[in-house]
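Chemist: First the structure, which I've put down as structure tokens, then a few questions once you've had a look.
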Amino acid sequence: MTTFQNIVDLIQQSAQLNDEDKTKMLSAVKKAENEHAIVAFKLERTEKVKRTTAILLEETIAELEQKRKAIEESKDALQRSLEELKAAQQQLVHSEKMASLGELTAGIAHEIQNPLNFVNNFSEVNKEMIAELKEEIEKGNYEEVKIIANDIESNEEKINHHGKRADAIVKGMLQHSRTSSGQKEPTDINALCEEYLRLSYHGLRAKDKSFNANFETDFDASIEKINIAPQDIGRVILNLINNAFYAVSEKKKLSADSYQPLVSIKTRRLNDKIEIHIADNGGGIPDAIKEKIFQPFFTTKPTGSGTGLGLSLSYDIVKAHGGEIKVESKEGEGLPAGESETEFLIKLPLV
Numbered sequence: 001m002t003t004f005q006n007i008v009d010l011i012q013q014s015a016q017l018n019d020e021d022k023t024k025m026l027s028a029v030k031k032a033e034n035e036h037a038i039v040a041f042k043l044e045r046t047e048k049v050k051r052t053t054a055i056l057l058e059e060t061i062a063e064l065e066q067k068r069k070a071i072e073e074s075k076d077a078l079q080r081s082l083e084e085l086k087a088a089q090q091q092l093v094h095s096e097k098m099a100s101l102g103e104l105t106a107g108i109a110h111e112i113q114n115p116l117n118f119v120n121n122f123s124e125v126n127k128e129m130i131a132e133l134k135e136e137i138e139k140g141n142y143e144e145v146k147i148i149a150n151d152i153e154s155n156e157e158k159i160n161h162h163g164k165r166a167d168a169i170v171k172g173m174l175q176h177s178r179t180s181s182g183q184k185e186p187t188d189i190n191a192l193c194e195e196y197l198r199l200s201y202h203g204l205r206a207k208d209k210s211f212n213a214n215f216e217t218d219f220d221a222s223i224e225k226i227n228i229a230p231q232d233i234g235r236v237i238l239n240l241i242n243n244a245f246y247a248v249s250e251k252k253k254l255s256a257d258s259y260q261p262l263v264s265i266k267t268r269r270l271n272d273k274i275e276i277h278i279a280d281n282g283g284g285i286p287d288a289i290k291e292k293i294f295q296p297f298f299t300t301k302p303t304g305s306g307t308g309l310g311l312s313l314s315y316d317i318v319k320a321h322g323g324e325i326k327v328e329s330k331e332g333e334g335l336p337a338g339e340s341e342t343e344f345l346i347k348l349p350l351v
């Protein structure tokens with residue numbers, strides 16, 4: 001403002017300018033002074049916006065850093081949970097009733113590794129993006145800052161999703177590893193069957209990388225949650241699926257390359273009951289021993305490969321639920337030459 005006043009004073013004091021020229025020049029100076037005031041106001045407002053934006057961005061970076069640290073802590077907690085799970089597994093193998101869970105260790109490790117890999121990868125990406133975010137802030141490139149911040153937020157959502165998936169796997173395994181209270185609760189039987197089929201298969205694959213088998217599912221979507229003790233029925237399903245994969249694995253070792261191992265599981269709702277069918281095209285069960293397979297300690301597996309309690313315990317669990325379990329095995333009849341088929345059928349009441 002002092003500069004404009006000096007100009008006004010010079011114009012008014014000038015002896016070389018007439019009154020009309022002075023008036024025109026003073027009007028121009030006044031207009032320039034007003035325009036200068038407007039520009040100065042806009043610049044001041046822009047500076048305030050920039051300062052406010054910088055503060056908000058710093059707070060956002062700090063918040064993102066806190067979330068990243070929280071994610072790191074969650075990842076470490078998941079890793080500790082996995083280690084605790086392995087320790088619990090070592091204790092479980094000493095119990096005959098829990099022996100079938102020994103088959104799940106590799107399957108669980110396979111299932112949990114995928115989400116843990118996602119957590120690790122996206123966490124590393126976010127570290128790099130936060131560093132890039134800081135560089136763009138220093139450059140004043142706020143449009144790029146917004147893009148990077150959105151990408152970081154998207155990565156956080158993915159990390160959160162996969163972290164919860166890993167957490168659910170660990171919690172599910174820990175739940176199934178505990179001694180059952182026998183208490184019944186509404187349970188999605190289709191989901192239970194699918195979970196154990198997947199874990200059993202990956203467990204076998206982890207022990208024998210050369211083994212491959214096809215498995216099929218056919219779940220009745222009309223089946224609602226049924227009232228069962230999920231840990232107990234889960235062990236029955238797991239035991240039968242383990243046996244099915246064992247059967248096709250053993251046959252594969254003795255068969256020509258044309259043999260295609262197949263394990264299938266399906267569910268059906270019939271009136272006031274549900275049926276679970278678990279079938280395989282392994283070596284079959286001879287008629288001579290079919291009546292003995294549910295007896296305690298009866299096994300056809302080599303010494304050290306089976307306890308002989310799996311089917312006996314399964315029989316007791318199903319009966320305790322008011323259901324029934326039976327087996328059908330046939331060779332040749334209605335099947336291609338040299339083929340056989342074994343199917344276990346579990347019937348459970350809906351309520």
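Numbered according to the numbering used here, the sequence shown spans residues 1 to 351.
Glycine residues also receive a C-beta, built at the ideal position from the N, C-alpha and C atoms.
How should Gln231 be labelled, buried or exposed, when 16 other C-beta atoms within 10 angstroms of its C-beta is the threshold for buried?
Modeler: buried
Chemist: If you draw a straight line from the alpha carbon of Leu92 to that of Arg80, how long is it in whole angstroms?
Modeler: Bear in mind that the predicted position of Leu92 carries a pLDDT of just 47, short of 50, making it too unreliable to give a figure here.
Chemist: According to DSSP, is Val170 helix, strand or coil?
Modeler: helix
Chemist: What did DSSP end up calling Val93 once you bin it into helix, strand or coil?
Modeler: In this prediction, Val93 scores a pLDDT of 42, lower than 50, which makes its location untrustworthy; the coordinate-derived value is nonetheless stated afterwards. Val93 falls in the coil class under three-state DSSP.
Chemist: Contact check, Gly203 vs Lys251 under 8 Å by CB: the rounded distance?
Modeler: At roughly 19 Å, the Cβ-Cβ gap does not stay under 8 Å, so Gly203 and Lys251 are not in contact.
Chemist: Quick test of your reading: Ile112 and Ala166, contact by CB under 8 Å. State the CB separation rounded to the nearest angstrom.
Modeler: 5 Å
Chemist: Check this for me: beta carbons of Ile152 and Glu132, under 7 Å apart or not?
Modeler: no
Chemist: Mapping DSSP to helix, strand and coil, what is Pro115?
Modeler: Correct three-state label for Pro115: helix.
Chemist: Is it the case that the Cβ atoms of Leu64 and Ile137 are separated by a distance below 7 Å?
Modeler: No, these two residues do not count as a Cβ contact at 7 Å.
Chemist: Could you check what DSSP says for Thr60 in three-state terms: helix, strand or coil?
Modeler: helix
Chemist: So what's Glu341 in DSSP terms, helix, strand or just coil?
Modeler: strand
Chemist: Measuring only the C-alpha atoms, how far is Asp316 from Pro349?
Modeler: 15 Å
Chemist: Using alpha carbons as the reference points, say which of Thr300, Lys330 and Leu345 lies closest to Arg269.
Modeler: Nearest C-alpha to Arg269 among Thr300, Lys330 and Leu345: Leu345.
Chemist: Look at the alpha carbon of Asn243 and the alpha carbon of Glu73, and state the distance between them as a whole number of angstroms.
Modeler: 39 Å
Chemist: Taking the alpha-carbon of Lys164 as reference, which of Asp188, Glu59, Phe118 and Asn150 has the nearest alpha-carbon?
Modeler: Phe118
Chemist: Going by the CB atoms, is the gap between Cys193 and Ile265 shorter than 7 Å?
Modeler: yes
Chemist: State whether the region 118 to 129 contacts the region 35 to 49, with contact taken as three or more CB pairs (one from each stretch) at a distance under 8 Å.
Modeler: no
Chemist: Identify, in the order they occur along the chain, each residue of the same chain with its Cβ nearer than 7 Å to the Cβ of Asp188, setting aside the five sequence neighbours on each side.
Modeler: When the five nearest sequence neighbours on each side are left out, the beta carbons in the same chain lying within less than 7 Å of the beta carbon of Asp188 are those of Lys225, in order along the chain.
Chemist: Ends of the alpha helix (DSSP H) at His202?
Modeler: Ile189 to Lys207
Chemist: Are Thr267 and Ile278 close, meaning C-beta to C-beta below 7 Å?
Modeler: no
Chemist: Helix, strand or coil: which one does DSSP assign to Lys290?
Modeler: helix
Chemist: I'd like the span of the beta strand (DSSP E) that includes Asp280, first residue to last.
Modeler: Lys273 to Asp280
Chemist: Just the Cα atoms here: how many angstroms apart are Glu324 and Val318?
Modeler: In this model, Glu324 and Val318 are separated by some 6 Å (Cα to Cα).
Chemist: Could you give the residue range of the beta strand (DSSP E) that holds Val263?
Modeler: Unbroken beta strand (DSSP E) run through Val263: Leu262 to Leu270.
Chemist: Among Ala70, Leu238, His36 and Ala191, whose alpha-carbon lies nearest the alpha-carbon of Asp220?
Modeler: Among Ala70, Leu238, His36 and Ala191, the Cα nearest to that of Asp220 is on Ala191.
Chemist: Locate the beta strand (DSSP E) running through Glu216, then write down its first and last residues.
Modeler: Run containing Glu216: Asn214 to Asp218, per the beta strand (DSSP E) assignment.
Chemist: So, are the CB atoms of Asn227 and Val145 less than 7 Å apart?
Modeler: Cβ distance not < 7 Å, so Asn227 and Val145 don't count as in contact.
Chemist: Residues in the same chain with beta-carbon distance under 7 Å from Leu82, minus the five sequence neighbours each way, listed in chain order, please.
Modeler: Ile112 and Val170
Chemist: Any idea which residues DSSP pairs Leu348 with across the strands?
Modeler: In DSSP, Leu348 forms a bridge with Ile274.
Chemist: Going by CA-CA distance only, name the one from Arg51, Lys326, Asp257 and Lys86 that's closest to Ser210.
Modeler: Asp257
Chemist: Would DSSP call Glu324 helix, strand or coil?
Modeler: DSSP places Glu324 in strand when its eight states are reduced to three.
Chemist: Could you tell me how far apart the beta carbons of Tyr196 and Leu262 are, in whole angstroms, since I believe they sit closer than 8 Å?
Modeler: Leu262 and Tyr196 do not touch by the CB rule: their CB atoms are close to 17 Å apart, not below 8 Å.
Chemist: Grab me the residues of Asp19's own chain with a C-beta within less than 8 Å of its C-beta, minus the 5 sequence neighbours each way, in chain order.
Modeler: none
Chemist: According to DSSP, what are the bridge partners of Pro186?
Modeler: Looking at the DSSP assignment, Pro186 forms a beta bridge with Asn227.
Chemist: Among Arg51, Ile293, Ile285 and Gly322, which has the Cα closest to the Cα of Thr342?
Modeler: Ile285
Chemist: By Cβ distance, which residues of its chain are closer than 6 Å to Asn6, with the 5 residues on each side in sequence left out?
Modeler: none
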